[in-house]
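Down below is the structure, laid out as structure tokens.
Protein chains in written order, with the numbering used here: chain V, 78 to 538; chain P, 50 to 446.
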């Protein structure tokens with residue numbers, strides 16, 4: 078069972094959780110083999126292509142009528158929804174779960190929130206294509222994407238009147254982290270990025286030599302007539318960048334609480350491989366400490382991870398995508414709408430009184446029309462509550478419009494597993510007595526499973 | 050303990066429903082205990098309310114020059130002095146203003162203003178500088194600095210979800226749209242079992258944190274429901290969402306809930322197009338609800354213990370656009386209500402419409418000086434414990 082424990086943990090962190098079908102033929106696999114398999118399944122990048130029109134390229138007459146403006150806004154909203162839906166669907170259905178997991182990471186690392194969903198899609202595909210590739214390539218492509226150029230105002234960054242927004246976030250949030258550069262470094266490097274822009278008529282990146290400041294700059298102790306690319310090279314030569322990225326990745330994949338020693342090991346691997354992401358991930362997934370008890374079942378799932386885990390485990394299809402949007406809003410994470418350029422802070426920040434109650438109630442809402450049955454001798458108050466829930470079930474079904482594939486799920490359940498073992502399998506955190514008793518006493522397997530996904534433990538991976 | 054055993058015990062213990070020890074740290078408070086208990090009510094106007102068409106600088110010709118189609122006619126404005134007056138949709142507030150229960154702070158903002166809704170709202174909610182990213186809100190940090198653990202109801206947002214403003218590093222407020230509904234969600238029998246049977250010795254890790262949050266939610270839902278259900282609001286409120294929210298706040302305050310901060314919001318202020326009608330509708334909803342609330346609290350004797358602050362993430366450009374609307378701007382007015390204001394009426398001069406920064410108002414008062422005043426003089430905590438540095442504050446209370 079110990080090997081199963083490690084495989085489960087690997088799937089929880091490198092993907093969105095193990096399925097019963099994953100375990101059946103793999104229980105005796107080594108971790109090495111499972112890691113190889115995860116990478117192989119993520120070899121190819123499937124871009125999201127749901128949006129084909131860049132609305133910004135439509136003609137913009139100065140005297141546009143109000144209803145025309147309204148139409149454009151409606152089209153923008155439609156695009157935003159379509160993109161959100163497409164990614165959630167891909168997260169729920171792809172075999173390339175490691176690539177999607179890392180796309181989520183980079184999407185939050187290079188957080189961007191703009192009104193143009195087409196550019197957001199483009200940026201998301203850059204993050205996906207390079208999710209397991211090279212960090213420098215990723216950084217360059219992100220930095221030159223219309224989405225980021227617009228979001229961080231590099232369009233306005235011109236010789237003579239620089240805009241420092243991009244330069245500041247590049248160092249503070251994307252590479253070095255606070256305290257490893259000066260305000261002067263920001264000013265000097267901002268001048269190097271003058272001329273990085275996209276053409277508003279085509280939506281394509283073009284360097285504009287005319288507005289580029291080609292005078293000498295002094296940046297992090299080096300002096301020269303630097304271009305933006307030179308600045309990025311200098312930043313990557315600084316080992317602090319590998320430490321900063323490793324720290325963030327450690328908190329995403331291993332533990333909220335950074336361990337300087339483990340992070341140091343990661344940074345060495347990352348720096349030595351010239352910022353190749355795959356070797357860094359392989360190192361983490363093979364490290365002994367990755368499988369330490371204290372690193373298992375202790376990360377709070379983001380709302381998107383929670384929903385994706387459910388969707389994958391139960392093969393859920395949604396007839397009305399607005400429902401998924403509503404769940405994201407309720408749980409405080411709408412894809413492509415991060416709160417700011419620093420992204421979602423994550424961890425315990427996901428949890429407050431309201432979100433926790435919603436998180437515990439949403440699974441049964443999707444899977445069983447809101448009912449969490451149990452077999453205890455319910456007191457009159459409990460009976461009344463459950464009766465009213467039963468009465469509302471049709472209503473809930475009408476509103477949620479989601480179909481889990483219970484048959485498929487139940488068919489995959491190994492017949493020789495006890496209810497308690499199933500709980501152990503589906504929950505990463507250690508189980509307490511109450512949960513063991515509850516699931517053992519549940520009248521049937523379906524109720525057991527619904528109870529399992531309605532616990533605080535299910536919020537963790 | 051199995052469930053049957055548990056129930057037998059509980060029946061023996063109370064005859065009704067046993068409340069485990071860790072769920073009852075909150076004894077009922079006698080009504081007298083909450084006298085002098087000061088509340089802050091924050092009203093957020095989302096979308097960027099056009100302050101210049103809210104508190105209108107009619108005495109300045111530039112206002113009429115820059116807004117030739119959306120300026121409000123002199124004759125329609127409810128004049129408060131010879132320079133500024135209310136938008137006619139705020140007529141309900143005139144009586145409040147005349148009683149000395151309202152203070153208007155002009156030109157509130159911050160350096161290097163951001164014109165993005167979500168970013169500027171973030172800045173207001175976290176109390177950060179324009180180039181600083183904080184993951185905690187200012188009310189949340191007030192909870193961290195001042196409150197005993199385990200009382201999320203110290204700050205209540207009357208809504209379904211909790212704003213960043215209400216989230217601290219260790220403590221968070223609680224979102225309660227409807228106390229009965231919240232109470233009902235905590236009645237889920239399966240959840241009740243998880244909470245009741247849980248070992249009160251909670252670990253420091255994330256699992257412990259989840260159970261702690263759940264337990265606090267249960268005790269808060271219980272406390273809020275049981276404390277507030279006996280009080281009926283007798284005053285009339287407009288039947289708008291904001292009216293209902295403020296009515297709920299009144300219920301909470303008057304029932305003696307030990308809550309220091311309430312948070313409500315009203316959206317719909319992003320008036321790029323056809324501003325007059327849209328803003329007029331929203332301002333009427335706002336003015337009518339606030340007037341009802343203030344009068345209600347006066348009636349129940351709680352107005353002296355209550356301070357209401359209204360803000361929006363930014364004001365709008367001085368010059369209107371071509372669609373009879375206004376685009377995102379910067380500094381804005383902050384409106385304060387209360388029974389014990391030190392400086393009622395206008396706190397400072399009308400906004401300067403000549404010295405503009407790229408067509409936008411320059412701020413005269415940092416919004417964190419407003420927060421500092423509330424923290425120091427109303428919530429009894431040193432503002433430097435909550436804000437990023439010490440602010441001097443103002444003297445409206």
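Ideal Cβ positions, reconstructed from N, Cα and C, are used throughout, including at glycine.
Only a predicted model underlies this, so the values are computations on that prediction, with no experimental measurement involved.
Secondary structure in the stretch 181 to 245 of chain V: the alpha helix (DSSP H) runs of 4 residues or longer, each lying completely within the stretch, are 194 to 206, 212 to 220 and 223 to 228 in chain order. For residue 285 of chain V, DSSP records no beta bridge to any residue. Only exposed fits residue 135 of chain V, as fewer than 16 other CB atoms lie within 10 angstroms of its CB.
DSSP places residue 359 of chain P within a strand segment (E or B) once states are collapsed to three. Looking only at V:513, V:468 and V:522, the smallest Cα-Cα distance to residue 493 of chain V is reached by V:522. Between the stretch 287 to 294 of chain P and the stretch 335 to 351 of chain P, the count of C-beta pairs closer than 8 Å reaches three or more; the two stretches touch. In this structure residue 362 of chain P is in contact with residue 169 of chain P, their Cβ atoms being roughly 4 Å apart against a cut-off of 8 Å. Across the structure, residue 276 of chain P and residue 269 of chain P are spaced so that their CA atoms are roughly 10 Å apart.
Beta-bridge partners assigned by DSSP to residue 503 of chain V: none are found. Residue 285 of chain P: not part of any alpha helix (DSSP H); DSSP gives it neither H nor E.
DSSP places residue 266 of chain P inside the alpha helix (DSSP H), whose first and last residues are 255 to 277. Residue 155 of chain P sits in a strand when the DSSP states are folded into three classes. Chain-ordered listing is empty here: chain V has no CB closer than 7 Å to the CB of residue 309 of chain P, the nearest sitting near 17 Å. Close to residue 166 of chain P, with beta-carbon spacing below 9 Å, lies no residue of chain V; the smallest spacing is near 10 Å. Taking the Cα positions, residue 194 of chain V is about 12 Å away from residue 150 of chain V. Looking only at V:214, V:241, V:211 and V:185, the smallest Cα-Cα distance to residue 180 of chain P is reached by V:241. Burial check for residue 176 of chain V: the Cβ neighbour count within 10 Å reaches 16 or more, so the residue is buried. Any Cβ of chain P closer than 8 Å to the Cβ of residue 248 of chain V would place that residue at the interface, and such an atom is absent.
Note: residue 415 of chain P is bridge-paired with P:158 in the DSSP secondary-structure output. Below 8 Å, enough C-beta pairs join the stretch 345 to 352 of chain P and the stretch 293 to 312 of chain P to call them touching: three or more. Three or more pairs of CB atoms, one per stretch, sit closer than 8 Å, so the stretch 371 to 381 of chain V contacts the stretch 427 to 435 of chain V. Nearest CB-CB separation between residue 247 of chain P and chain V: below the 8 Å threshold.
At a cut-off of 8 Å between beta-carbon atoms, residue 416 of chain P makes no contact with chain V. For residue 265 of chain P, a Cβ of chain V is located within less than 8 Å of the residue's own Cβ.
About 7 Å separates the Cβ atoms of residue 192 of chain P and residue 222 of chain P, confirming a contact at the 8 Å cut-off.
CA-to-CA, the gap between residue 216 of chain P and residue 141 of chain P works out to about 33 Å. Taking the Cα of residue 114 of chain P as reference, the smallest distance to any Cα among P:370, P:317, P:444 and P:152 is reached at P:370. At a cut-off of 8 Å between beta carbons, residue 148 of chain V makes no contact with chain P.
Under the three-state reduction of DSSP output, residue 299 of chain V falls in the strand class. Below 8 Å, too few C-beta pairs join the stretch 223 to 238 of chain P and the stretch 495 to 509 of chain V to call them touching: fewer than three. According to DSSP, residue 319 of chain P shares a beta bridge with no other residue. At least one CB of chain V lies nearer than 8 Å to the CB of residue 209 of chain P. The three-state secondary structure of residue 340 of chain P, taken from DSSP, is helix. Residues of chain P whose Cβ lies closer than 7 Å to the Cβ of residue 455 of chain V are, in chain order, 238.
In this structure, residue 93 of chain P places its C-beta atom within 8 Å of the C-beta atom of residue 314 of chain P.
Taken through DSSP and simplified to helix, strand or coil, residue 474 of chain V comes out as helix.
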